[in-house]
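Structure first, then comments.
Chains as they are written, first to last, in full-length UniProt numbering: chain V, 1 to 428; chain X, 1 to 322.
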């Protein structure tokens, strides 16, 4: 063997070694599905925020002997990119994955990433709020999510600020002030006249409330064409919200002005889905305990957020994972989760549950939040959310509205900005 | 008989076979060592660069030629993404924003760094090490912490800056509502963080300048100012080029500061007043799942712009010295 060929062979061997090492690293996951009926040693559950499953998974472990690992991510903003990575690379996803409303709608566009739950669980279609159940289905008919909670809407208001402005403070009387949005606006104007201060945090909070009361197509029609510029629901939300610019503190949700505003009392009322109560309490601090109360939302109901549990197609134990999802979303579990962390049930039986209806929230002047939110849930009208609903709302609708609110654009210019951006944000 | 009687000439006893093999193997190892170990020594760099540098770049280029859905289909569309980029208002908007913030941060920052480095280089200064370390401290603080604290300083209602301005009779400024104000706020964060770093690099460059040049100049009667212009600055040229190119790369990739300044909104302001190129890339490539290919095209555009701007800097800095 000559030196040159030997060297060439050496180089080839070295190269091959590197490639093999790299190849091994790249193809570490071989999707060998376990034999049918084999019992998994462990199931993984991915959740964001606080879904209240801490005790429930322990109970499931006891019942079945299958270990359950609960992976929690605090912020939805961190959760979504992780999930995208799992799906794009085909590995890493949990067996049971919580999908928030916006994420679910977006991921529906590629339903084959998710296992069809219909053959895996028994038929629960009549046990949940019908519209919530329907939203868990992909366009091709496969059931990809079992309903967990709903972001039923109420109004959080400061009793001390209300009384300083000469407004009633009792929650039933307060609810009676605003049977509709007009009443809400007038109350706000009265408050502003008496105190000189803003009444609500921002107009985008109002638009959120109005949007989901319309019970029709929002940014998309049923065929998922973008109808942002012609949708009556969107127009209604736009008009109602922009009319309230005179009573707004111009503090957009999640901004420092907003979270600081709770302590400073820059606004006297805000819109609270049930999951928001904890955030209001945190932002307001211990010093303001008992000053907040909860009243009904103008127009009677509303929805902001809410989730589903799904099983990724890449799960090795889709059948067992589906059973776990079924357990976590049943009536009993939903009541337990509500008591622990506050996500509002979507299971009809859970909504009638005694413990749920009698629940009161200490921070909010012992308001019967179970009853208030439960009643609001019953009135929620189903809406059709298209694939990029979240992006259109967050990156086109709300920024345009804020530009108007801050005086950066006239109302017409802002609407123009929205309809233009809705086209790009809504494309899929 | 006689033939059979002649004995073979006494040959040296053959070495035991294992010794021979060992010697042969030893020489082979030696040769291999000489020929290949240098490659082995530098291999880690190339391996790591290949995995974390080259491969992602090529993969991004490949993605940019597709209509790429992050969790769905990929369709080859050639250069369509790049063509679309040219008529995309928001891309140009992001480009203008990026350059605006780049100018507002790099220019004052380098001038200030030059000034500070000159001060720190003076012989009369006491506690030099202390000052040199102190000036670097902002760079060690996490970007997120900086952005959050400055985000609070630049608040509309309860911000410290607006409060200070109100003392001298300036009206409340909504820092996030205009291009100029948001750029200023973000550039302030960048300047705060990077001035010290650049100062130290320039200082190192200054200290490498031979002292006898200054002595000779002094004997010839050159004042401090003249020495600075005619010795320090020209001799500092390579260091300056390095600092400028680093700032260019940093400036073109500006992301965390504006994102946190926008409270996490990827469009950077209600009317995209301060959305940078990197944020636009993230919006298209990662936030929006179905346009990952377009996002990859934006990423390559950023890369090209960095190369272009660095080249221009290089030429300018070199020419100015001639």
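Every residue gets a Cβ at the ideal spot worked out from N, C-alpha and C, and that includes glycine.
Inter-residue spacing [alpha-carbon to alpha-carbon] between residue i and residue j
i                      : j                      : result
residue 144 of chain V : residue 311 of chain V : 7 Å
residue 200 of chain X : residue 317 of chain X : 20 Å
residue 94 of chain V  : residue 113 of chain X : 50 Å
residue 242 of chain V : residue 366 of chain V : 33 Å
residue 208 of chain X : residue 319 of chain X : 22 Å
residue 180 of chain X : residue 97 of chain X  : 10 Å
residue 134 of chain V : residue 352 of chain V : 21 Å
residue 94 of chain X  : residue 183 of chain X : 12 Å
residue 319 of chain V : residue 309 of chain V : 14 Å
residue 418 of chain V : residue 396 of chain V : 5 Å
residue 146 of chain X : residue 259 of chain V : 19 Å
residue 136 of chain X : residue 197 of chain X : 6 Å
residue 312 of chain X : residue 278 of chain X : 21 Å
residue 175 of chain X : residue 194 of chain X : 22 Å
residue 260 of chain X : residue 40 of chain V  : 42 Å
residue 191 of chain X : residue 286 of chain X : 28 Å
residue 225 of chain X : residue 248 of chain V : 57 Å
residue 314 of chain X : residue 219 of chain V : 50 Å
residue 257 of chain X : residue 265 of chain X : 12 Å
residue 30 of chain V  : residue 313 of chain V : Residue placement at residue 30 of chain V is poorly supported in this model, since its pLDDT is 42, which falls under 50; the coordinates are not used for a value here.
residue 189 of chain X : residue 296 of chain V : 43 Å
residue 136 of chain V : residue 204 of chain V : 27 Å
residue 211 of chain V : residue 234 of chain V : 6 Å
residue 10 of chain V  : residue 58 of chain X  : Note that residue 10 of chain V has pLDDT 49, beneath the 50 cutoff, so the model's placement of it is unreliable and the number below is only indicative. Going from the Cα of residue 10 of chain V to the Cα of residue 58 of chain X covers about 28 Å.
residue 292 of chain V : residue 158 of chain V : 5 Å
residue 231 of chain V : residue 169 of chain X : 46 Å
residue 102 of chain X : residue 247 of chain X : 8 Å
residue 51 of chain V  : residue 335 of chain V : 11 Å
residue 284 of chain V : residue 48 of chain X  : 49 Å
residue 67 of chain X  : residue 61 of chain X  : 12 Å
residue 90 of chain V  : residue 56 of chain X  : 18 Å
residue 339 of chain V : residue 38 of chain V  : 35 Å
Where residue i meets chain V, residues with beta-carbon distance less than 8 Å
i                      : result
residue 155 of chain X : 256, 257, 260
residue 271 of chain X : 399, 403, 408, 409, 417
residue 252 of chain X : By Cβ distance, chain V contributes nothing, its closest Cβ being about 23 Å from residue 252 of chain X, past 8 Å.
residue 263 of chain X : 252, 254, 255, 256
residue 151 of chain X : 256
Interface residues of chain V facing residue i [CB-CB closer than 7 Å]
i                      : result
residue 177 of chain X : 406, 408
residue 267 of chain X : 395, 399
residue 100 of chain X : Per Cβ cutoff of 7 Å: no residues; residue 100 of chain X is ~17 Å from chain V at best.
residue 70 of chain X  : 84, 88
residue 171 of chain X : Correct list: empty, because the minimum Cβ distance to chain V is about 13 Å.
Contacts of residue i in chain X (Cβ-Cβ under 9 Å)
i                      : result
residue 264 of chain V : 157, 158
Amino acids of chain X, ordered along the chain, whose beta-carbon sits closer than 8 Å to that of residue i
i                      : result
residue 142 of chain V : Residues of chain X passing the Cβ test: none, with the nearest at roughly 15 Å.
Partner residues on chain X for residue i, Cβ-Cβ distance less than 7 Å
i                      : result
residue 428 of chain V : 290
Entirely within the region 236–316 of chain X and at least 4 residues each: give me those alpha helix (DSSP H) ranges in chain order.
-> 237–252, 256–261, 277–282
Cβ contact check for the region 314–331 of chain V and the region 232–250 of chain V: 3 or more pairs under 8 Å | no
Which runs of the beta strand (DSSP E), 3 residues or longer, sit entirely within the region 186–212 of chain X?
-> none
For the region 104–120 of chain V and the region 75–86 of chain X, state whether three or more C-beta atom pairs, one from each stretch, are separated by less than 8 Å.
-> no
Compile a chain-ordered list of the residues in the region 150–178 of chain V whose CB is closer than 7 Å to at least one CB of chain X.
-> none
If we count Cβ pairs, one from each stretch, closer than 8 Å, do we get three or more for the region 271–285 of chain V versus the region 59–71 of chain V?
-> no
Listed from N- to C-terminal order along the chain, which residues in the region 62–92 of chain V have their beta-carbon within a distance smaller than 7 Å of any beta-carbon of chain X?
-> 77, 81, 84, 87, 88
Can you give me, in chain order, the residues of the region 273–302 of chain X that have a beta carbon less than 9 Å from any beta carbon in chain V?
-> 273, 283, 286, 287, 288, 289, 290, 291, 292
Just checking, does the region 197–217 of chain V make contact with the region 172–180 of chain V on the three C-beta pairs under 8 Å criterion?
-> no
Taking contact to mean at least 3 C-beta pairs separated by less than 8 Å, is the region 204–223 of chain X in contact with the region 298–309 of chain X?
-> no
Mind checking the region 83–97 of chain X against chain V and listing, in chain order, the residues whose C-beta falls within less than 7 Å of any C-beta there?
-> none
Within the region 160–236 of chain V, note down every full alpha helix (DSSP H) run reaching 4 residues or more, in order along the chain.
-> 171–177, 181–195, 203–211
Could you tell me which uninterrupted beta strand (DSSP E) segments, each at least 3 residues in length, are contained entirely in the region 58–120 of chain X, listed from first to last along the chain?
-> 66–68, 74–76
For the region 287–304 of chain V, which residues have a beta carbon sitting closer than 9 Å to at least one beta carbon of chain X?
-> none
Taking only runs of the beta strand (DSSP E) that begin and end inside the region 293–360 of chain V, which ones reach a length of at least 3 residues, in chain order?
-> 303–310
Should the region 299–308 of chain V be regarded as contacting the region 158–172 of chain V, the criterion being three or more beta carbon pairs within less than 8 Å?
-> no
Are three or more beta carbon pairs between the region 124–133 of chain V and the region 94–106 of chain V nearer than 8 Å?
-> no
Run through the region 239–300 of chain V for me and flag every whole alpha helix (DSSP H) of 4 or more residues, listed as ranges in chain order.
-> 256–264, 277–284
Residues in the region 106–129 of chain V with C-beta within 9 Å of chain X's C-beta atoms, listed in sequence order?
-> 106, 107, 109, 110, 112, 113
Identify every run of the alpha helix (DSSP H) within the region 39–68 of chain V, keeping only runs that are complete inside it and at least 4 residues long; order them along the chain.
-> 54–64
Along the region 369–398 of chain V, what residues have a CB closer than 7 Å to any CB found in chain X?
-> 391, 395
Could you tell me whether the region 75–91 of chain V touches the region 40–53 of chain X, using the rule of 3 or more Cβ pairs below 8 Å?
-> no
Between the region 186–196 of chain V and the region 375–386 of chain V, do three or more beta carbon pairs fall short of 8 Å?
-> no
Is there contact between the region 267–282 of chain X and the region 125–145 of chain X, where contact requires at least three CB pairs shorter than 8 Å?
-> no
Count the CB pairs spanning the region 189–203 of chain V and the region 389–405 of chain V that are closer than 8 Å, and state whether there are at least three.
-> yes
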